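For reference, the structure discussed in these notes is given below.
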Amino acid sequence: MSGWFMAARSRLILLALVLLANVAVAPGFLELRLVEGRLFGGIIDILNRGAPVILLAIGMAPVIATRGIDLSVGAIMAIAGAVAAASVNAGHAWPVAVLAALGTGLVCGLWNGVLVTIFRLQPIVATLILMVAGRGIAQMITEGRVLTFTDDGLAGVSSATLLGLPLPVLIALAAAMITGLLVRATALGLFIEAVGTSPRAARLAGVPAPGILIGVYVWSGLMAALAGLIAAADIRGADANNAGLWLELDAILAVVIGGTSLYGGRFSISLSVLGAVILQGMRTCILRAGLPPELNLLLMALVIALVLVVQSPACQPAIARLTTRLRRRGAA
Amino acid sequence: MMRVNARTLPFLATLGVFILLYALCALQYPAMLSSRVIANLLTDNAFLGVLAVGMTFVILSGGIDLSVGAVMGFTTVALAVMIEGAGLHPLVSFTIMLVGGALFGCGIGAAIHWLKAPPFIVTLTAMFLARGAALLLSTDSIPVRHEFYQTLSGLSLTLPGGGRLGLIALLMLLAFVAGGVLLHFTRAGLKVYALGGNARFAGLMGIDTARTTILVYGVSSTMAALAGIIFSLYTRSGYALTGVGVELDAIAAVVIGGTLLSGGVGGMAGSLIGVLIQGLILTWITFDGSLSSWWTKIAIGMLLFIFIGLQRLILQFSAPTRRTG
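Shown next, in the form of structure tokens:
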């Protein structure tokens, strides 16, 4: 556990700074109130609003660890939302709609995985196809309009409360815990990192590389479908054009802030979740401060630039020198 | 002979698809053959064509540029602000934007080379930067009413049959010719191919990879600024959300045009055909009238899939000695 805190140190500082900024903007931000059996407060708000990006980041981290990328998650969100809305409107019960949406996510992920693994396309290209065509498919399902629904069960995916917490927060936390256990309580995480470090060496060492590769894309599709369900339930409608638009970029960014190397071979689910929460905290802060929301794009650019400079091989020696010097001074 | 085939086959396939599509369209709607439709096809897709010129350089060098749509959007807003707000002459504003675009692109190239960061994440950052800056300038659509814009949009070349080839279509064709010459007939173009073939070998051969990378992204951003100027002339307004997602159309055009996304193989002429195929699908959907425009997305996705699959097959058959994995 102390190892985790060491690894998370810089992100926790970043998160603390973001939360402090929020407190400065809106005093009482950290207060938690229990109203009618549901917790309210700034932190709950961040987690609730950030749930889709947290889910996407959970799916994206293993993909990036295999040296891949999934650009199609935003489009999968749109398709899954459209499928759910269309199926409740066709008279199915909401659990059927939820299952249909999750199934759609699985199929989309499988398509990406097969293109990457069997057809050996570069991941950025393979997922680009679904990113371009996916919104068209979603629009085909919604017939080009915002498909609204009145089913309270499906809308509950976003608005229901369980154990005092909004359901999206619980879904995101549960997904993070299940994924974390899957990859860290078994050898799966090690296999994923092995495939990302060297696919050939992994295969020679007996790692079932094709299965792992397909698996990470399927998982990413499933997480995207969950995020799509939340997004659709939130507005009680499926918007093929705007659901999940550009969220793939937020997800990639969250994973990068979480310290996952874009060159594969190293990832952390918990740190990626932390990255997504930091992003959402920044967004909330800008909105609460009444600053133009456009500023967020510039701020995000600044954060990635910072992470890139710190991560770049050219800067690593300089940073190592700096830390040893600081440590020596601390010791003396 | 095999290698020549591997390099030219994707282009020939693209050309064949274009001619076939055009013939099918013309059979259904004979009016498609009129020079007015052809002129409109070139005019309406002028900005996309110019973006594709820059993207061809980037993809040939083995990179990707996600920032072009945002740079284009920023250019339209900045032009509107400079011309309407600050009262600068359009020609002065155009020059500022082209130079600014070139510098911005050089910065991207430098960051990619020296930070050794993947191009897509660097250009993603650039995209946020350009889009954020554009939105900070103005979130509204600003009309441009300068009389010089009227003069420019009045300029056109009349084709036999009544089609009018506007200034922006001519600019696009000029960009393709200039890009083609730079890529295929100069030493700098050869270096772009070498970089895309294998960056390490290119460095070992003594090619200045830093300069080439900077050149490639400089060209791409300059072209994005030019596309912004064209779009500004086309719509006579500036809007920060112009060109959202257009980078994907440009990438699709280049790939459909037979350039390998892994870099090193392809050419400029194919990209023009790639742009025209996308334009043709859109024109056909307009002629048909009953289909929604989102069919374009599905059609382009399918074409992308088919062409990427085709490239894969050709690579596998043309290089039997190369082992993957």
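As they're listed, the protein sequences go chains A and B.
Just so you know, we're using this note's numbering here: the first sequence kicks off at 886 and counts up by one.
Just so you know, we're using this note's numbering here: the second sequence kicks off at 5 and counts up by one.
No residue lacks a Cβ here, since even glycine has one placed at the ideal position from N, Cα and C.
This structure is a prediction, so every number in the text was calculated from the model and none was measured.
Under the assumption that residue i contacts residue j (Cβ atoms under 8 angstroms), give the Cβ distance between them as a whole number of angstroms.
{"i": "Gly136 of chain B", "j": "Tyr221 of chain B", "result": "With 8 angstroms as the limit, Gly136 of chain B and Tyr221 of chain B do not qualify as a contact, their Cβ atoms being about 19 angstroms apart."}
{"i": "Leu1107 of chain A", "j": "Ala969 of chain A", "result": "Incorrect: roughly 14 angstroms between the Cβ atoms, too far for contact."}
{"i": "Leu1164 of chain A", "j": "Ala1190 of chain A", "result": "Not quite, the Cβ-Cβ distance comes to about 15 angstroms (not below 8 angstroms), so this is no contact."}
{"i": "Ile1097 of chain A", "j": "Val1080 of chain A", "result": "5 angstroms"}
{"i": "Leu308 of chain B", "j": "Ala256 of chain B", "result": "5 angstroms"}
{"i": "Phe51 of chain B", "j": "Met76 of chain B", "result": "7 angstroms"}
{"i": "Leu53 of chain B", "j": "Met131 of chain B", "result": "First, the amino acid is wrong: residue 53 of chain B is Gly here, not Leu. Rounded, the Cβ-Cβ distance is 20 angstroms, inconsistent with contact."}
{"i": "Thr127 of chain B", "j": "Ser71 of chain B", "result": "4 angstroms"}
{"i": "Val958 of chain A", "j": "Ser1105 of chain A", "result": "6 angstroms"}
{"i": "Ile943 of chain A", "j": "Val1158 of chain A", "result": "7 angstroms"}
{"i": "Ile931 of chain A", "j": "Gly1166 of chain A", "result": "5 angstroms"}
{"i": "Val250 of chain B", "j": "Gly73 of chain B", "result": "4 angstroms"}
{"i": "Val248 of chain B", "j": "Ser275 of chain B", "result": "Contact doesn't hold; Cβ gap of about 21 angstroms is too wide."}
{"i": "Val81 of chain B", "j": "Ala198 of chain B", "result": "Not quite, the Cβ-Cβ distance comes to about 37 angstroms (not below 8 angstroms), so this is no contact."}
{"i": "Gly416 of chain B", "j": "Ala30 of chain B", "result": "Chain B is shown only over 5 to 329; residue 416 of chain B falls outside these bounds and no answer can be derived."}
{"i": "Gly184 of chain B", "j": "Met272 of chain B", "result": "4 angstroms"}
{"i": "Gly305 of chain B", "j": "Val1017 of chain A", "result": "5 angstroms"}
Just mark residue i as buried or exposed, buried being the case when its beta carbon has 16 or more other beta carbons within 10 Å.
{"i": "Phe890 of chain A", "result": "exposed"}
{"i": "Pro34 of chain B", "result": "exposed"}
{"i": "Ile234 of chain B", "result": "buried"}
{"i": "Glu151 of chain B", "result": "exposed"}
{"i": "Gln282 of chain B", "result": "buried"}
{"i": "Asn49 of chain B", "result": "buried"}
{"i": "Trp288 of chain B", "result": "buried"}
{"i": "Ala229 of chain B", "result": "buried"}
{"i": "Ala975 of chain A", "result": "exposed"}
{"i": "Ile1003 of chain A", "result": "exposed"}
{"i": "Ala1259 of chain A", "result": "Coverage of chain A is limited to positions 886 through 1217, which leaves residue 1259 of chain A absent and any answer about it impossible."}
{"i": "His117 of chain B", "result": "buried"}
{"i": "Ala1011 of chain A", "result": "buried"}
{"i": "Ser224 of chain B", "result": "buried"}
{"i": "Gln1024 of chain A", "result": "buried"}
{"i": "Arg896 of chain A", "result": "buried"}
Check the Cβ of residue i against every Cβ in chain B and list those closer than 9 angstroms, keeping chain order.
{"i": "Phe1004 of chain A", "result": "Ile312, Gly313 and Arg316"}
{"i": "Val1141 of chain A", "result": "Ile125"}
{"i": "Met1025 of chain A", "result": "Ser296, Trp298, Trp299 and Ile302"}
{"i": "Ile1189 of chain A", "result": "Ile125, Val126, Leu128, Thr129 and Phe132"}
List the residues of chain B whose Cβ lies closer than 7 angstroms to the Cβ of residue i, in chain order.
{"i": "Pro962 of chain A", "result": "Checking the displayed sequence, the identity of residue 962 of chain A turns out to be Met instead of Pro. The premise fails here: Met962 of chain A is roughly 15 angstroms from chain B at the closest Cβ pair, so nothing lies under 7 angstroms."}
{"i": "Gly1029 of chain A", "result": "Ser296 and Trp298"}
{"i": "Val1101 of chain A", "result": "Ordered by position in chain B, no residue passes the 7 angstroms Cβ test against Val1101 of chain A, which lies about 18 angstroms from the chain."}
{"i": "Ser1197 of chain A", "result": "Leu119, Lys120 and Ala121"}
{"i": "Gln1201 of chain A", "result": "Correct list: empty, because the minimum Cβ distance to chain B is about 10 angstroms."}
{"i": "Leu900 of chain A", "result": "Near Leu900 of chain A there are no residues of chain B at all, since even the closest Cβ is about 21 angstroms away, more than 7 angstroms."}
{"i": "Leu1134 of chain A", "result": "Leu128"}
What residues of chain A sit near residue i, judged by a beta carbon separation below 9 angstroms?
{"i": "Thr143 of chain B", "result": "Pro1177 and Glu1179"}
{"i": "Ile68 of chain B", "result": "Ile1009"}
{"i": "Gly136 of chain B", "result": "Glu1179, Leu1180, Asn1181, Leu1182, Leu1183, Leu1184, Met1185 and Ala1186"}
{"i": "Leu308 of chain B", "result": "Val1010, Leu1013, Ile1014, Val1017 and Ala1018"}
Using a Cβ cut-off of 7 angstroms, pull out every chain A residue sitting near residue i, in sequence order please.
{"i": "Pro122 of chain B", "result": "Leu1147"}
{"i": "Leu133 of chain B", "result": "Leu1183 and Ala1186"}
{"i": "Ile304 of chain B", "result": "Val1017"}
{"i": "Gly165 of chain B", "result": "Within 7 angstroms Cβ-Cβ: nothing; Gly165 of chain B doesn't reach chain A, min ~34 angstroms."}
{"i": "Phe61 of chain B", "result": "Per Cβ cutoff of 7 angstroms: no residues; Phe61 of chain B is ~18 angstroms from chain A at best."}
{"i": "Phe108 of chain B", "result": "Here the premise fails: no neighbours, minimum Cβ distance about 13 angstroms."}
{"i": "Ala2 of chain B", "result": "Lying before the first or after the last residue shown, residue 2 of chain B is absent from chain B, which here runs from 5 to 329."}
Quick one: list the residues of chain A neighbouring residue i, beta-carbon separation under 8 angstroms, in chain order.
{"i": "Leu139 of chain B", "result": "Pro1177, Glu1179 and Leu1182"}
{"i": "Leu252 of chain B", "result": "Leu1013, Met1016 and Val1017"}
Could you name the residues of chain B that residue i contacts, counting a contact when the two beta carbons are closer than 8 angstroms?
{"i": "Arg1020 of chain A", "result": "Trp298 and Lys301"}
{"i": "Leu1193 of chain A", "result": "Ala115, Leu119, Ala121, Ile125, Val126 and Thr129"}
Looking at the C-beta of residue i, does it have a partner C-beta in chain E at a distance below 9 angstroms?
{"i": "Ile954 of chain A", "result": "Protein chains in the displayed structure are A and B, and chain E is not among them."}
Unbroken stretches of the alpha helix (DSSP H), 4 residues or longer, contained in the segment 266–295 of chain B: Listed in chain order, the complete alpha helix (DSSP H) runs (minimum 4 residues) inside the segment 266–295 of chain B are 272–292.
Length at least 4, wholly inside the segment 43–101 of chain B: the alpha helix (DSSP H) runs in chain order: Within the segment 43–101 of chain B, the runs of alpha helix (DSSP H) at least 4 residues long that lie entirely inside it are, in chain order, 50–64 and 72–84.
Complete runs of the beta strand (DSSP E) confined to the segment 1025–1095 of chain A [at least 3 residues]: Those beta strand (DSSP E) runs which fall completely within the segment 1025–1095 of chain A and span 3+ residues do not exist here.
Members of the segment 217–248 of chain B that neighbour chain A once the beta carbon cut-off is set at 7 angstroms: So nothing in the stretch comes that close.
Interface positions of the segment 24–41 of chain B facing chain A (Cβ-Cβ less than 8 angstroms), listed along the chain: For the segment 24–41 of chain B, which is checked against every Cβ of chain A, not one residue is closer than 8 angstroms.
Interface residues of the segment 263–296 of chain B facing chain A [CB-CB below 8 angstroms]: Within the segment 263–296 of chain B, the residues whose Cβ lies closer than 8 angstroms to any Cβ of chain A are, in chain order, Leu265, Ser266 and Ser296.
Residues of the segment 70–84 of chain B whose Cβ lies closer than 8 angstroms to any Cβ of chain A, in chain order: For the segment 70–84 of chain B, the set of residues with a beta-carbon nearer than 8 angstroms to any beta-carbon of chain A is empty.
Proximal residues, the segment 1156–1173 of chain A versus chain B, C-beta separation under 8 angstroms: Those residues of the segment 1156–1173 of chain A that come within reach of chain B (Cβ to Cβ, closer than 8 angstroms) do not exist; the list is empty.
Every unbroken alpha helix (DSSP H) inside the segment 1093–1162 of chain A [4 residues or more]: With a minimum length of 4 residues, the unbroken runs of alpha helix (DSSP H) contained wholly in the segment 1093–1162 of chain A fall at 1094–1120 and 1132–1142.
Segments of 4+ residues assigned as alpha helix (DSSP H) that fall wholly inside the segment 170–224 of chain B: Qualifying alpha helix (DSSP H) stretches, in chain order: 171–188, 191–201 and 203–208.
Every unbroken beta strand (DSSP E) inside the segment 916–986 of chain A [3 residues or more]: Listed in chain order, the complete beta strand (DSSP E) runs (minimum 3 residues) inside the segment 916–986 of chain A are 917–920 and 923–926.
Interface positions of the segment 1048–1070 of chain A facing chain B (Cβ-Cβ less than 8 angstroms), listed along the chain: Those residues of the segment 1048–1070 of chain A that come within reach of chain B (Cβ to Cβ, closer than 8 angstroms) do not exist; the list is empty.
Residues in the segment 165–181 of chain B having any Cβ partner in chain A nearer than 9 angstroms: Within the segment 165–181 of chain B, no residue has a Cβ that lies closer than 9 angstroms to any Cβ of chain A.
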